[in-house]
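Numbering (my numbering), first residue to last: 993 to 1335.
A virtual CB, placed ideally from N, CA and C, is assigned to each residue, including glycine.
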């Protein structure tokens, strides 16, 4: 399975990863096994001017179910570092995989990641993506629906502050009949930050009866920030049902006036509006526990008197990734490869 979902020559960053990778995670879930607790891994860059090139391979056999959670952070250094990971997921018939990422790299990290899942008949793949840190992020989780009635979903939240560019999105490829996909993207930009949604929905010839819905919402908090939306739709079948909606908005003075007239401070009012904006993703049943603190702290990122998340120990101070070490955890630190097998 290694290298079958993302070949080494897929793009220049996957080629670089294949050449120098030195650690990562491998998870195999046998047929019919449902993991009641999530598996969790944490990745950290501990030196400046460094490169981290881990690989993650997850194989969910027929009828199995697993939720994998990944946290990323690094101390702030003067020189830039590169994180170029590859994630491959194989979802066998009727299997269910959820992959959650809370990315909080320091502002000197370039985050260039390739993530892709291959989903067979009646399987389900769900990417839940939170991007807060890094100088530049370019990450587009992909789902290739290769079996009939396979489904895929991407839920994404991105925040771009001063000097940050969050270029994120998703890719859905419908290669089999009666497949279904959904993409929900929420982005917030402030103090000159730039957020970009870059997505692709492709329905190949012969993939009849497909359905896909894409929703992209952007919130711009000041005049210096930017938000860009670059959707692509390639439809090869006449009966495909494809929907796309996008909104770009700012916080209206009337909203702040109404809330402050009820006794809230301007900072609290802005935080309430931002929390309401990302609530549809934060309250998702598969990620509510892990994104709850993201929702509480998102409004405060360098904006209203609370400093951006400080990287301490193995986790972020404000608990973006809950301080737990679960049985069956597989992760890599300093190039060590660890394995997790569900039983």
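Residue environment analysis places residue 1062 among the buried positions, since at least 16 neighbouring C-beta atoms fall within 10 angstroms of its C-beta.
The residue from 1201, 1211 and 1060 with its alpha-carbon nearest to that of residue 1093 is 1060. When DSSP reads this structure, residue 1096 sits in a beta bridge with 1065.
Residue state for residue 1235 is assigned as strand, using DSSP reduced to three classes. In this model, residue 1272 and residue 1112 are separated by some 28 Å (Cα to Cα). Across the set 1108, 1205 and 1102, the C-alpha of 1108 shows the shortest separation from the C-alpha of residue 1082. Nearest to residue 1222 by alpha-carbon distance, out of 1041, 1207, 1089 and 997, is 1207. Annotated three-state conformation of residue 1222 is strand, per DSSP. At least 8 Å separates the beta-carbon of residue 1252 from that of residue 1244. If you check the CB distance, residue 1132 and residue 1100 do not come in under 8 Å.
Sequence-distant Cβ neighbours of residue 1157 in its own chain, meaning closer than 6 Å and more than five residues away, are 1128 and 1186. In the pairwise beta carbon analysis, the segment 1031–1050 is classified as touching the segment 1072–1082: at least three pairs are separated by under 8 Å.
Annotation for residue 1006: the continuous alpha helix (DSSP H) segment containing it runs 1004–1012.
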